[in-house]
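These notes concern the structure reproduced below.
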Amino acid sequence: MYLGLDLGTSGLKGVIIDADQRVIAEATAPLQVSRPHPGWSEQDPADWVAAARAVLGYLRAQVNLSGVAGIGLSGQMHGATLLDGADSVLRPCILWNDTRAAQEAAVLDADPRFHEITGNIVFPGFTAPKLVWVATHETEIAAQVAKVLLPKDYLRLWLTGEHVAEMSDAAGTSWLDTGARDWSDALLAATGMRRDQMPRLVEGSGVSGSLRAGLAAEFGLRPGLPVAGGGGDNAATAIGLGVVRAGDAFVSLGTSGVLFAACDSYAPDAQTAVHTFAHALPARWHQMGVILAATDALNWLAGLTGQDAASLTSGLGPLQAPGKTTFLPYLGGERTPLNDAAIRGAFVGLEHATDRDAATRAVLEGVTFALQDCRDALAATGTEPGSLIASGGGARSAYWLEAIATALNTPVQVPQSGDFGAAFGAARLGMMAATGGGTELVTKPPIEREFQPNPALSTAFDDGYARFKAAQAAIRGLT
Numbered sequence: 008m009y010l011g012l013d014l015g016t017s018g019l020k021g022v023i024i025d026a027d028q029r030v031i032a033e034a035t036a037p038l039q040v041s042r043p044h045p046g047w048s049e050q051d052p053a054d055w056v057a058a059a060r061a062v063l064g065y066l067r068a069q070v071n072l073s074g075v076a077g078i079g080l081s082g083q084m085h086g087a088t089l090l091d092g093a094d095s096v097l098r099p100c101i102l103w104n105d106t107r108a109a110q111e112a113a114v115l116d117a118d119p120r121f122h123e124i125t126g127n128i129v130f131p132g133f134t135a136p137k138l139v140w141v142a143t144h145e146t147e148i149a150a151q152v153a154k155v156l157l158p159k160d161y162l163r164l165w166l167t168g169e170h171v172a173e174m175s176d177a178a179g180t181s182w183l184d185t186g187a188r189d190w191s192d193a194l195l196a197a198t199g200m201r202r203d204q205m206p207r208l209v210e211g212s213g214v215s216g217s218l219r220a221g222l223a224a225e226f227g228l229r230p231g232l233p234v235a236g237g238g239g240d241n242a243a244t245a246i247g248l249g250v251v252r253a254g255d256a257f258v259s260l261g262t263s264g265v266l267f268a269a270c271d272s273y274a275p276d277a278q279t280a281v282h283t284f285a286h287a288l289p290a291r292w293h294q295m296g297v298i299l300a301a302t303d304a305l306n307w308l309a310g311l312t313g314q315d316a317a318s319l320t321s322g323l324g325p326l327q328a329p330g331k332t333t334f335l336p337y338l339g340g341e342r343t344p345l346n347d348a349a350i351r352g353a354f355v356g357l358e359h360a361t362d363r364d365a366a367t368r369a370v371l372e373g374v375t376f377a378l379q380d381c382r383d384a385l386a387a388t389g390t391e392p393g394s395l396i397a398s399g400g401g402a403r404s405a406y407w408l409e410a411i412a413t414a415l416n417t418p419v420q421v422p423q424s425g426d427f428g429a430a431f432g433a434a435r436l437g438m439m440a441a442t443g444g445g446t447e448l449v450t451k452p453p454i455e456r457e458f459q460p461n462p463a464l465s466t467a468f469d470d471g472y473a474r475f476k477a478a479q480a481a482i483r484g485l486t
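For the sequence shown, our numbering gives the first residue as 8, with consecutive numbering after it.
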């Protein structure tokens with residue numbers, strides 16, 4: 008058996024797969040985000056460890072964990088977990104959706120070396136500008152930083168005692184030479200950091216360390232189990248969905264939204280605000296358009312109306328032409344293609360006819376049009392997927408998926424029932440590390456349903472996108 012642990016923003020999930028890659032046990036534990044100031048987003052790494060302990064306990068109650076032969080990790084990207092020389096946590100982790108370092112990111116992004124070496128814009132949520140912010144605003148803490156770990160790599164430290172990162176997650180720090188797959192001493196120096204403060208790098212399918220004997224005894228696991236490098240959440244999801252070859256792509260409707268395309272070669276275009284990162288497999292890369300609020304926007308509306316998200320979407324009926332009400336989903340800034348930490352969301356065109364269903368459709372359409380922005384940004388780099396596999400909680404909404412297929416003019420495929428997300432991908436990477444297996448283990452899931460673009464509504468969605476772009480231009484600078 009193989010264990011995958013996925014450290015998300017809202018919870019930690021664990022799955023166990025057998026040798027035939029069937030999920031035989033799964034468990035989750037919730038996590039909370041602290042927002043002590045506007046634009047801040049933090050978590051206590053001790054909560055991650057507590058959640059991992061809970062999940063391992065739940066899994067042990069379902070299966071005998073002594074049969075686990077390998078462990079893989081996945082997690083939210085970009086978080087800055089700061090440790091002193093004794094591996095004590097110095098402050099709460101600054102998360103991916105924290106925008107306090109927008110000014111520092113802009114200064115770094117003006118240095119052409121970051122685009123040349125990383126292949127990416129320096130976004131405010133990336134790790135490097137956060138360390139510059141800490142050096143300026145929390146000087147006593149900055150002076151004690153011995154290691155900087157990404158969130159899942161703090162779990163790895165707990166599991167193995169090793170400071171290790173892997174390529175897909177490291178690519179989101181603004182310190183990685185993405186083509187060479189190594190830390191850049193020049194970029195580290197540009198942010199006041201050193202290579203010895205960075206974790207050792209491995210490939211996602213490689214062995215990063217061995218399970219500590221004490222934890223093995225606590226949970227009935229075998230001591231010395233190999234722990235794979237793993238992957239950032241989106242790269243691990245791609246492993247779970249079999250999206251590893253050029254032309255493969257998926258759309259993720261999670262807290263954030265992602266349009267992800269696998270690449271066989273490294274071809275960055277930072278100016279598009281497309282993320283070009285190393286994949287979780289050797290000698291492979293991927294491109295992503297990322298929006299900061301997908302189901303997050305729907306959940307916001309649910310909280311505003313006193314409903315749950317499923318209730319809002321379940322009664323929408325067949326796909327309709329976008330109405331006059333337009334929603335901009337910028338609840339906490341935006342990445343692709345705007346790279347704007349200050350922009351905020353809006354409803355435009357509200358009228359007496361804007362009832363609950365109309366507002367819900369506007370939110371789904373607004374996220375869809377933001378993904379259309381990502382599609383156009385990817386196309387500007389020459390990447391145009393022929394179809395998309397849907398993942399994430401939002402993929403349960405048929406209305407949303409047909410809207411995406413129509414707006415992007417791209418078929419959207421829904422896998423058969425089962426979990427093929429980041430935790431499953433992490434378990435696959437654990438299997439690869441334990442067995443030495445390669446891409447032959449990374450197959451695509453069986454497809455249950457495919458949503459085709461609705462030609463009768465294509466013009467209406469084009470018109471809706473034009474209104475969205477006009478509102479986007481009008482709102483910038485006002486919020």
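Glycine included, C-beta positions come from ideal geometry on N, C-alpha and C.
A quick note: this is a predicted structure, and the numbers were derived from the prediction, not measured.
Rounded to whole angstroms, the separation of the alpha carbons of Gly199 and Asp192 is 10 Å.
Taking C-beta atoms under 8 Å as the contact rule, Ala153 and Gly74 fail to qualify, at a distance of about 37 Å. Nearest C-alpha to Asp303 among Leu97, His286, Leu371 and Phe257: Leu371.
A residue is called buried once 16 or more other Cβ atoms fall within 10 Å of its Cβ, and Glu147, having fewer, is exposed. Taken through DSSP and simplified to helix, strand or coil, Ala317 comes out as helix.
For Thr35, the pairing in a beta bridge is given by DSSP as Lys20. The distance from the Cβ of Ala245 to that of Ala269 is about 6 Å, consistent with a contact at the 8 Å cut-off. As DSSP reads the structure, Ile454 sits in a beta bridge with Pro422. By alpha-carbon distance to Leu19, the top candidate from Lys451, Met8, Gln50 and Asp25 is Gln50. Under the three-state reduction of DSSP output, Lys154 falls in the strand class. The count of Cβ pairs closer than 8 Å, one atom from the stretch 101 to 111 and one from the stretch 33 to 51, reaches three, so the stretches are in contact.
Within its own chain, the residues whose Cβ lies closer than 6 Å to the Cβ of Val265, once the five positions on either side in sequence are excluded, are Asn241, Ser259, Met295 and Val297, listed in chain order.
Within the same chain, and ignoring the five residues on either side of Pro158 in sequence, the residues whose Cβ sits closer than 7 Å to its Cβ are Leu14, Trp55, Gly82, Gln83, Gly86, Thr88 and Cys100. For Val40, the closest C-alpha among the options Thr16, Val30 and Gly445 is that of Thr16. Using a C-beta cut-off of 8 Å, the stretch 115 to 129 makes no contact with the stretch 158 to 173, since fewer than three inter-stretch Cβ pairs fall below that distance. For the stretch 318 to 383, not one full-length alpha helix (DSSP H) segment reaches 4 residues or more. In this structure, Ala434 is the residue among Ala434, Val141 and Leu138 with its C-alpha nearest to the C-alpha of Gly79. When C-alpha distances from Phe354 are compared across Ser398, Leu448 and Val374, the shortest belongs to Val374. Contact between Arg363 and Gly330 does not hold, since their C-beta atoms are separated by about 13 Å, which reaches or exceeds 8 Å. Annotation: Arg207 is outside any alpha helix (DSSP H); the continuous beta strand (DSSP E) that includes it extends over Arg207 to Val209. In the DSSP assignment, Met84 falls outside any beta strand (DSSP E), carrying neither H nor E. Rounded to the nearest whole angstrom, the CA to CA distance from Val234 to Val214 is 6 Å. Between Pro206 and Ala172, the gap from beta carbon to beta carbon is short of 8 Å. For Gly356, the closest of Gly471, Asp27, Gly484 and Leu222 by C-alpha to C-alpha distance is Gly471. DSSP places Phe427 outside any alpha helix (DSSP H), giving it a letter other than H or E. In the DSSP annotation of this structure, Thr388 is not part of any beta strand (DSSP E), being labelled neither H nor E. Checking the DSSP bridge columns, you'll see Thr283 partnered with Gln294.
The continuous beta strand (DSSP E) containing Tyr9 extends over residues Tyr9 to Leu14. Annotation for Ile396: the continuous beta strand (DSSP E) segment containing it runs Leu395 to Ser398. Here DSSP, grouped into helix, strand and coil, assigns Pro289 to coil.
Three or more beta-carbon pairs drawn from the stretch 317 to 332 and the stretch 456 to 473 are found closer than 8 Å, and the two stretches are therefore classed as touching. Short of 8 Å from the beta carbon of Leu305, and not among the five residues preceding or following it, lie these beta carbons of its own chain, in chain order: Ala316, Leu319, Thr320, Thr367, Val370, Leu371, Val374 and Gly401. In the three-state DSSP reduction, Ala301 falls in the coil class, being neither helix nor strand. In its chain, beyond the 5 residues on either side, Ala242, Ala245, Phe267, Ala268, Ala269, Cys270, Phe284 and His286 have a beta carbon closer than 7 Å to the beta carbon of His293.
For Leu266, the enclosing beta strand (DSSP E) begins and ends at Gly264 to Cys270. Under the 8 Å Cβ criterion, the stretch 224 to 234 counts as touching the stretch 55 to 74, having at least three qualifying pairs.
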